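*Asks:* Counting from 0, one number per residue, gives the positions in the first sequence under numbering that gives the first Met the number 0.
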Amino acid sequence: MPRAKRYWLVKTEPESFSIRDLAASPKQTTCWDGVRNYQARNFLRDDMKLGDEVLFYHSNANPPAVVGTCLVVREAYGDHTAWDKKDHHYDPKASPENPIWQMVDLRLTEIFPHAVSLSELRATKSLATMELLRKGSRLSVQSVRPGEYKMVLAIGRKA
DNA sequence: GCCAACGTTGGC
DNA sequence: GCCAACGTTGGC
Numbered sequence: 000m001p002r003a004k005r006y007w008l009v010k011t012e013p014e015s016f017s018i019r020d021l022a023a024s025p026k027q028t029t030c031w032d033g034v035r036n037y038q039a040r041n042f043l044r045d046d047m048k049l050g051d052e053v054l055f056y057h058s059n060a061n062p063p064a065v066v067g068t069c070l071v072v073r074e075a076y077g078d079h080t081a082w083d084k085k086d087h088h089y090d091p092k093a094s095p096e097n098p099i100w101q102m103v104d105l106r107l108t109e110i111f112p113h114a115v116s117l118s119e120l121r122a123t124k125s126l127a128t129m130e131l132l133r134k135g136s137r138l139s140v141q142s143v144r145p146g147e148y149k150m151v152l153a154i155g156r157k158a
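1) Can you tell me whether aspartate 20 is buried or exposed, with buried defined as 16 or more other CB within 10 angstroms of its CB?
2) The alpha helix (DSSP H) that contains arginine 20, what's its start and end?
3) Mind listing, in chain order, the continuous beta strand (DSSP E) runs of no fewer than 3 residues lying wholly within the stretch 10 to 60?
4) At 4 residues or longer, and completely inside the stretch 100 to 147: list those alpha helix (DSSP H) runs for me, N to C.
5) Which value, in whole angstroms, describes the spacing of the CA atoms of proline 112 and serine 118?
6) Going by the beta-carbon positions, is the gap between methionine 102 and aspartate 78 smaller than 8 angstroms?
7) Going by DSSP, what residue range makes up the beta strand (DSSP E) through glutamate 96?
8) Helix, strand or coil for arginine 73 per DSSP?
9) Kindly indicate which three-state DSSP category alanine 158 falls into: helix, strand or coil?
10) Measure the Cβ-Cβ separation of tryptophan 116 and alanine 64 and say whether it is below 8 angstroms.
11) In three-state DSSP terms, what is alanine 169?
12) Looking at proline 13: is its Cβ nearer than 8 angstroms to the Cβ of alanine 60?
13) By Cβ distance below 8 angstroms, which residues in the same chain neighbour proline 95 in space, the five residues on each side in sequence not counted?
If you want it as structure tokens, here you go:
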């Protein structure tokens with residue numbers, strides 16, 4: 000019995016990596032590097048599996064919004080940016096033998112015709128319990144309930 | 001193990 | 001740019 004598909008949300012600042020950048024990447028796929036929070040790392044390492052579906056969220060954007068979806072196409076492996084001294088996310092404690100930080104590969108599924116803004120998410124009753132909407136929520140990798148995922152998808156696909 | 005200081009996130 | 005909310009660090 001295969002494990003049930005899970006749903007996620009990842010945050011990125013479009014100034015550093017936007018969904019357009021993902022669309023322009025080889026095979027529209029990217030390694031999701033730079034996560035430096037243990038709770039988010041644990042999701043990447045332990046729970047994100049091949050075929051899981053992911054909401055793509057632009058933070059620090061105008062407006063902040065879920066702008067599309069992607070798919071987990073490679074499960075967790077060591078985040079090489081952690082032992083790259085020149086990288087902004089360099090961590091002196093990490094090495095290829097002890098990566099500490101993990102990443103997955105994500106492939107673009109769709110860019111929404113209608114970006115679902117944060118205020119729109121807040122205005123949707125059935126999304127009231129989304130982690131993203133919790134006060135002070137800062138996790139850059141979050142779990143999303145199947146019903147929440149489907150609702151965001153439905154709003155984003157409306158022209 | 002406590003907790004103050006500090007750094008980061010991210011909406012506004 | 002402001003600032004609230006968090007996470008991490010390090011002295012004790």
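Every residue, glycine too, gets a C-beta built ideally from N, C-alpha and C. Keep in mind the model is a prediction, meaning the values are calculated, not measured.
*Replies:* This is what the structure holds:
1) The residue given as residue 20 occupies position 21 in the first sequence. By the 10 Å Cβ count, aspartate 20 comes out exposed.
2) By one-based count along the first sequence, residue 20 stands at place 21. Just to set this straight, residue 20 is aspartate in the shown sequence, not arginine. Counting along the chain, the alpha helix (DSSP H) containing aspartate 20 begins and ends at 18 to 23.
3) 28 to 30, 52 to 57
4) 117 to 121
5) Walking along the first sequence from the start, residue 112 turns up at place 113. Walking along the first sequence from the start, residue 118 turns up at place 119. The straight-line gap from Cα to Cα measures roughly 17 angstroms.
6) Sequence index remark: in the first sequence, residue 102 carries index 103 (1-based). Sequence index remark: in the first sequence, residue 78 carries index 79 (1-based). Yes, they are a contact pair.
7) Taking the first residue of the first sequence as position 1, residue 96 is located at position 97. Segment: none, glutamate 96 is in no beta strand (DSSP E) and carries neither H nor E.
8) Position 74 of the first sequence, counting from 1, holds the residue named residue 73. DSSP places arginine 73 in strand when its eight states are reduced to three.
9) Counting from 1 along the first sequence, the entry for residue 158 is found at position 159. Correct three-state label for alanine 158: coil.
10) As a first step, residue 116 must be located in the first sequence, where it is residue number 117. As a first step, residue 64 must be located in the first sequence, where it is residue number 65. First, the amino acid is wrong: residue 116 is serine here, not tryptophan. Going by C-beta atoms, serine 116 is nearer than 8 angstroms to alanine 64.
11) Outside the shown range of the chain (0 to 158) lies residue 169, about which nothing can therefore be said.
12) On the first sequence, position 14 is the one that residue 13 refers to. On the first sequence, position 61 is the one that residue 60 refers to. Against a cut-off of 8 angstroms, the Cβ pair of alanine 60 and proline 13 comes out as a contact.
13) For the purposes of this step, residue 95 is taken as the residue at position 96 of the first sequence. The residues are Gly77, His79, Trp82.
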